[in-house]
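Protein chains: 4
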Amino acid sequence: MAMDTTARTTSIRQCDLGDQTAFTDSRALTETLAAPLSAEDQTAQSMPDASPTKWHRAHTTWFYEEFLLGPASGYQAFDDGFRYLFNSYYEGVGPRHPRAQRGLITRPGIGEITRYREHVEEAVSRLLRSGLDDEGAAILLLGRHHEQQHQELLVMDAKHLLGRHPFGTAYTDRATNPVPSPVAQTWRAVEGGVVGIGHDGNGFAFDNEGPRHDVLLQPCEIAERTVTNEDWLTFMADRGYDRPELWLSDGWATVQSQGWRAPLHWRDEDGTWLVFTMSGVRRIQLDEPVCHVSFYEADAYARWAGARLPTEHEWEAAVQPVSHLRGQLLDPGRLHPGPAGTHMIGDVWEWTASAYLPYPGFQPAAGAVGEYNGKFMCDQHVLRGASCATPSGHERVSYRNFFPASARWAFSGLRLARS
Amino acid sequence: MAMDTTARTTSIRQCDLGDQTAFTDSRALTETLAAPLSAEDQTAQSMPDASPTKWHRAHTTWFYEEFLLGPASGYQAFDDGFRYLFNSYYEGVGPRHPRAQRGLITRPGIGEITRYREHVEEAVSRLLRSGLDDEGAAILLLGRHHEQQHQELLVMDAKHLLGRHPFGTAYTDRATNPVPSPVAQTWRAVEGGVVGIGHDGNGFAFDNEGPRHDVLLQPCEIAERTVTNEDWLTFMADRGYDRPELWLSDGWATVQSQGWRAPLHWRDEDGTWLVFTMSGVRRIQLDEPVCHVSFYEADAYARWAGARLPTEHEWEAAVQPVSHLRGQLLDPGRLHPGPAGTHMIGDVWEWTASAYLPYPGFQPAAGAVGEYNGKFMCDQHVLRGASCATPSGHERVSYRNFFPASARWAFSGLRLARS
Amino acid sequence: MAMDTTARTTSIRQCDLGDQTAFTDSRALTETLAAPLSAEDQTAQSMPDASPTKWHRAHTTWFYEEFLLGPASGYQAFDDGFRYLFNSYYEGVGPRHPRAQRGLITRPGIGEITRYREHVEEAVSRLLRSGLDDEGAAILLLGRHHEQQHQELLVMDAKHLLGRHPFGTAYTDRATNPVPSPVAQTWRAVEGGVVGIGHDGNGFAFDNEGPRHDVLLQPCEIAERTVTNEDWLTFMADRGYDRPELWLSDGWATVQSQGWRAPLHWRDEDGTWLVFTMSGVRRIQLDEPVCHVSFYEADAYARWAGARLPTEHEWEAAVQPVSHLRGQLLDPGRLHPGPAGTHMIGDVWEWTASAYLPYPGFQPAAGAVGEYNGKFMCDQHVLRGASCATPSGHERVSYRNFFPASARWAFSGLRLARS
Amino acid sequence: MAMDTTARTTSIRQCDLGDQTAFTDSRALTETLAAPLSAEDQTAQSMPDASPTKWHRAHTTWFYEEFLLGPASGYQAFDDGFRYLFNSYYEGVGPRHPRAQRGLITRPGIGEITRYREHVEEAVSRLLRSGLDDEGAAILLLGRHHEQQHQELLVMDAKHLLGRHPFGTAYTDRATNPVPSPVAQTWRAVEGGVVGIGHDGNGFAFDNEGPRHDVLLQPCEIAERTVTNEDWLTFMADRGYDRPELWLSDGWATVQSQGWRAPLHWRDEDGTWLVFTMSGVRRIQLDEPVCHVSFYEADAYARWAGARLPTEHEWEAAVQPVSHLRGQLLDPGRLHPGPAGTHMIGDVWEWTASAYLPYPGFQPAAGAVGEYNGKFMCDQHVLRGASCATPSGHERVSYRNFFPASARWAFSGLRLARS
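Protein chains in written order, with the numbering used here: chain A, 150 to 568; chain U, 150 to 568; chain Y, 150 to 568; chain F, 150 to 568.
And the structure:
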């Protein structure tokens, strides 16, 4: 989560009206995303991996308080107890509330969280007007990207909660878009050779995207579109969830222990597959990207299809020449993957074959703020791209998202590759 | 929960203005008890054994809908899904939401629950005006006692939730009463011989309180007051929680696995014992009855004191001659045990030595409404009396409350006996 | 496990040749029962509640060492580590090996256990020749009854282990007896009134069988034979395992979580019910007593049959007039219940409706040897009678066996009663 | 576990007397390693990840029966049930006994396992005399390497079992070697550039060691010796187990939940660190390689030391020029790491920074025999080198061992690297 040197050097020049606007807009988007959720919705925690909406709203606020305002002279904390309640996992900051019990923090209520957000926003704005040094500007920028990450988590977590409700309660009443016709699968050639991988230093990046370094690739092909619901139904019809030879050993064990028969949020109603979306339960759309599948499922599908997942290096090499990274922008009224094939990436995060490991020469930032990406580099899997729930401006070719192999509550799909 | 024959026979005569008033008052008390709790407080579930406030408000309403209104011609259910959401454990009614996931039911929100309550109350009132047959009148009476039970559960569960908050958030701002001087322990003799046990048929009783039957008792003595916090501190100072010889085998295992060092809601702050109350955290009051102890702890304490717990028969025989059963009435602004010794019972439920088993000849009511007391008669322990959180009028000499041996979140204490 | 005063007083007179013979015979029976089991069989632990054969052989030896020989001057312990390894649960003796890890104690091997047994037997015999005081004689007697208990546990535990083997490996090659014709169900009347319950002081008894005391009974009837396999198949055919209304709440939860469809050791092979016996897998015999059912199942069956389980008081009152308590004696070559109806009791332990609680005035013995029955008097259920695996001479009308409601690995069945 | 094409092609020429000798010697080593273990030792399973000695002896035999003899005309299986009991995880072969219950398979006993081994060895020898085709020869070779793997597992698992015994029972009475003087830490430079990684096709290799492919490395340095016990004690003295900033997030959680304070098999006796070895418990030897540490611990140590773990590519590039790979050969009488610094590798497996993933172009073998390495390529970590328990001839520069990050029961240590 610490930014690289380039971001740190250039940030001082951004401490102008644009900073204030970007900060204000970023803060407002969180509230827009939370608005359809009641006090009750915002408080519940549907599983230990997910957090209440209210907690995301407070934690993204605490981040500014802890790392930007705390050191500023004269800042009066809104509530001293919030440092305990809303620290996520920064060991360097001190003890914190257990993650699995975030749903029991009924107080402060959502009204007080709103006041907390306003209190901190005013203090940050004052600080902006009085000017920021390089480090402060870097933290401000980091705080914004941090909040963007939590905006997507807020959406994922809310969808997981609402999806566990027996009646498929909707987040929004707005209907989904009309569906274009399907697009055939085609392959793009990726040349082999030495390619540069990682963030190039222009603009913001998280620490895990660097240092940029050379990697030797072998030639391969990568699919032009992600795998669709129609593809997935074919896999299911071919007994994909019943054939151990398609699965990693841990994946097969998970299929059996969890009883997986389809992606998360799918529901079999008398033989018809429905899906819970943020607009409620409806029929599967065949040409949408399959979403809410685990790494295990993505890997098994690729094996079944006679292909494989791309490595994150192959993915990055394939995408770098694309000028328009993304077809779909975040639309709080339509948090659902669009039809596949209309664009290269941006509807669903794409599982890769790569383990989430440090790039050669990786060093986290010093201090508690550096406790972010590095300490999770173990037994997680890289996803690339962005999703329909990723805030606009948060996507990057070098972006490395990561989840455990069994996670399905992110907006995660897959794209095939072959040697 | 089914009532005995006497209640059924007499209920027809109560179908008058008094019924309407009792019904209305009973419904209002639930809302009074819930009022200090926010939408967030009312939604969270602190453990599988506890339920959200909001769920209690809805379940006590569903009970009337299911058993009283459902059969009435022309009644329009408020929401068909509520039958699934707010059935507690009546297998005969159909499938129901898993108990451990009640905290995930963020919708309906508390506002809709209020409307649900009003909808059902109006329908019941209409039904009352049109007159009830015997069975209907019996269900109405049962529904009121059922709601009273849940009023106490609502308080217990809310206290458990608030007590898990790291900062000891209070339910009420009202201070606790001044403390009288302590009362010395004295013993009351209970004569042996054949005594009648169980409800005598005058007024309402749950099915588990009958049939009334004769039991042969041996003479014993029973303490005039319950065990106090001061007594308990002496037990603790004598290493009561460290001596396996004082404990039942399962109790000792629980002490070790749970790390029990004091009653639930007690907190050791630098060597001083504080207690979380509904009015917030404060110092222990020495002459209050000890509260929030498990059967295991009560049993160990009695062994340490050279005494034992009374059986439920001894308890009932000792209490029957008392004209004023209870000193303390439910006060929603002060949900805390009063000072011991001012009265015989009513501050804390009292663990007995008796397993919760059917009385000879016990028969539950037919149908789903009979799925109440009978099916829990296994590995539970009887508590007698009433507590500061028991609604006024709900207490009875024959009342049999029950909890598992490890439960501590009820307002549970103990009274000693000796042969 | 401590004996009552009567046993203690009379024991000094038994310190003669009869004592030596009884001791020797009792020790030999353990070895006879263990003989068909290999070193491997004797070492494995099939579940935390069961112990390895080898452990039973050592623990029953340790008991003499700890409580009889230890205090005797000049006794040299066989191995100091055995005090840690083979103490069962006597907190007063000191730390001990965790119960659930008894299967990891591969050393000492069975050969060394045999030498340990011989070492202790020689020391006891020497002590017997030199004479025992009252307390020593009482411990000797207690040790014999203690070993008898473990003989039955050894058989139960070995059957459980062998029964978990996928191929139903037999303990003995000897075939089971021919089967008599079935016996019709008849009822014996039990008069009400005040009856004396508990051991009368003649001969040995465990502490939990006393003090003898009066109980007021209401008249009832009790079945002349236990429930048979044929009865049980009728219950199963009537969907007994599928109807929640027949079950206690905890029982129904257990049926579902454990997937119970039949008694333990039964196996459905293409629609035919087979049973694993100590002689291997064979077809169900219709007129044998049903065996290896839990309290939950016994209770559900009784409810289904329109009857109930007898209380332990009713059981004892009904059996007291019977001169010949038991038809079947322990036969190490045939550890299987005989055909029902040929005798009153003795094939299977019979679940009662009674919780396992202390009799009025119960006091355990002082010291570690008293840590037996008392500390388990919580959430267990009384079984009466004896089984085909109970050593001859160990049965008593006042005997109180006990297990948790879900236990099925004992030789446990049931007998019906009705008011 | 399937071998690569080269091995398959050349194997036909090895089907001579050398094959018979290698087969016989390999089989004999398993028996030599098992010999100090009693029937009881060979039967117990100390944790789900470990298997009984007896099971290893049978499984390595079953492998020949299933994959080599089964297809051969006229072979009579020793016991049809063994296919169920001794299949490890080959889904293609059919159902199998649950892994966590291997300790309950008391039958067949170790005597029958010996006869099973002899039966299969005779059949294989007959087959060898009659000649093998290419595929048969490849399976024979694979069977030998498979058995070598299980020889090390047998030792690891036995050590884990004996190490859980409260008294530190020894596997062998033979004392450990005298200790040489410590060796200073020095660094070997590894040049960057494109290097070939993976097995070169000369001789046997497992499928996961290929295909050989080019990798682009950056220059680095790698330590000449592994980390020693003395180094580890310094880490411990510097509160290495108490400082969250040194640990991966999952590692820190494991340290806390498992209470790790030192490597597995270390014991703190009144402030002195002892270690359980196969020769029993003795004091820590300072200049021995630290052993029985997890990936989490290795990673934390490296961070503390201001270094890092090498990647498997760096490790292989550094070791390739070494002519004598290994200083220590397997000695069944001394299964303990030798003093560090006397040689490059061979005492302890060395954790690398690399996740266990397929090499580019990896393809498992067809059929059930291919269900080996590929399906475990998820959330495991590569170890390189060999250990004191690796059979002679089983080590290879390209060998890829793998375990989960929390595993400590292998003979696992670490070597530092730095960029």
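Using N, Cα and C, we set each Cβ at its ideal position, and we do this for glycine too.
Owing to the predicted nature of the structure, the values given are computational and were not obtained by experimental measurement.
| Query | Result |
| --- | --- |
| Using the beta-carbon count (16 or more within 10 Å), is Gly482 (chain U) buried or exposed? | exposed |
| Beta-carbon separation of Thr192 (chain F) and Gly280 (chain F) under 9 Å? | no |
| Going along chain U in order, which residues have a C-beta closer than 7 Å to the C-beta of Gly510 (chain Y)? | Ser568 |
| Starting from the Cα of Ile254 (chain F), find the closest Cα among Y:Ser175, Y:Ser195 and Y:Glu394 and give me that residue. | Y:Ser195 |
| Using a Cβ distance threshold of 8 Å, determine whether the region 339–353 of chain F contacts the region 382–402 of chain F, with at least three qualifying pairs required. | no |
| List the residues of chain U that Tyr238 (chain Y) touches, going by C-beta distances under 8 Å, in chain order. | Ser398 |
| Please classify Gly317 (chain F): does DSSP put it in a helix, a strand, or coil? | coil |
| Can you say whether Gln405 (chain Y) is buried or exposed, counting buried as having 16 or more other CB atoms within 10 angstroms of its CB? | exposed |
| Only counting runs of 4 or more residues, tell me where the alpha helix (DSSP H) segments fall wholly within the region 427–454 of chain Y, in order along the chain. | 444–453 |
| Which residues in chain U have a C-beta closer than 8 Å to the C-beta of Glu394 (chain Y)? List them in chain order. | Glu240, Gly241 and Glu520 |
| Shorter than 9 Å from the beta carbon of His414 (chain U) to some beta carbon of chain Y? | no |
| Hey, could you find the ends of the alpha helix (DSSP H) Asp380 (chain U) is sitting in? | Asn378 to Ala386 |
| Would you call the region 420–437 of chain A and the region 305–321 of chain A in contact, with 3 or more CB pairs under 8 Å? | yes |
| If you reduce the DSSP assignment to three classes, tell me which class His462 (chain A) lands in. | helix |
| Would you list the residues sitting across from Arg337 (chain U) in a DSSP beta bridge? | U:Ile371 |
| Pick helix, strand or coil for Arg264 (chain F), following the three-state DSSP scheme. | helix |
| Applying a beta-carbon distance threshold of less than 9 Å, which residues of chain A neighbour Tyr233 (chain U)? | Pro315 and Phe316 |
| When DSSP labels each residue in this structure, what does Glu499 (chain Y) get in the three-state scheme? | strand |
| Is Glu373 (chain A) closer than 9 Å to Trp336 (chain A) when the C-beta atoms are compared? | yes |
| Please return the same chain residues whose Cβ sits closer than 7 Å to the Cβ of Ala456 (chain U), not counting the five positions on each side in sequence. | Leu565, Ala566 and Arg567 |
| If you measure between the beta carbons of Glu581 (chain U) and Arg232 (chain U), is that distance less than 9 Å? | Nothing about residue 581 (chain U) can be read from this structure; chain U reaches only from 150 to 568. |
| Please confirm whether Gln529 (chain F) and Phe560 (chain F) have their CB atoms less than 9 Å apart. | no |
| Listing by chain order, which chain F residues have their CB less than 9 Å from the CB of Phe525 (chain A)? | Leu397, Ser398 and Asp399 |
| In chain F, which residues lie less than 8 Å from Leu506 (chain A) when you measure between Cβ atoms? | Ala502, Ser503 and Ala504 |
| Rounding to the nearest angstrom, what Cα-Cα distance links Thr539 (chain U) and Asp190 (chain F) in this structure? | 60 Å |
| Which bits of chain Y does Ser187 (chain F) rub up against, with CB to CB less than 8 Å? | Ala188, Thr255, Arg256 and Gly258 |
| Can you tell me whether Ser175 (chain A) is buried or exposed? The criterion is at least 16 other CB atoms within 10 Å of its CB, across all chains shown. | buried |
| Compile a chain-ordered list of the residues in the region 197–209 of chain A whose CB is closer than 7 Å to at least one CB of chain U. | none |
| Run down chain F in chain order and give the residues with a C-beta less than 8 Å from the C-beta of Ala193 (chain Y). | Thr192, Ala193, Gly252, Leu253 and Thr255 |
| Cα separation between Leu484 (chain U) and Phe525 (chain U)? | 27 Å |
| Are there 16 or more other CB atoms within 10 angstroms of the CB of Gln225 (chain U), so buried, or fewer, so exposed? | exposed |
| Under 6 Å Cβ to Cβ from Val110 (chain U), same chain only, skipping five residues before and after it: list those, please. | Lying before the first or after the last residue shown, residue 110 (chain U) is absent from chain U, which here runs from 150 to 568. |
| Can you give me the start and stop residues for the alpha helix (DSSP H) that Gly167 (chain A) sits inside? | Leu166 to Ala183 |
| Select from Y:Ala221, Y:Phe172 and Y:Ala554 the residue whose C-alpha is nearest the C-alpha of Leu290 (chain Y). | Y:Phe172 |
| Can you look up His362 (chain U) in the DSSP assignment and give me helix, strand or coil? | strand |
| Can you find a C-beta in chain U that's less than 9 Å from the C-beta of His295 (chain Y)? | no |
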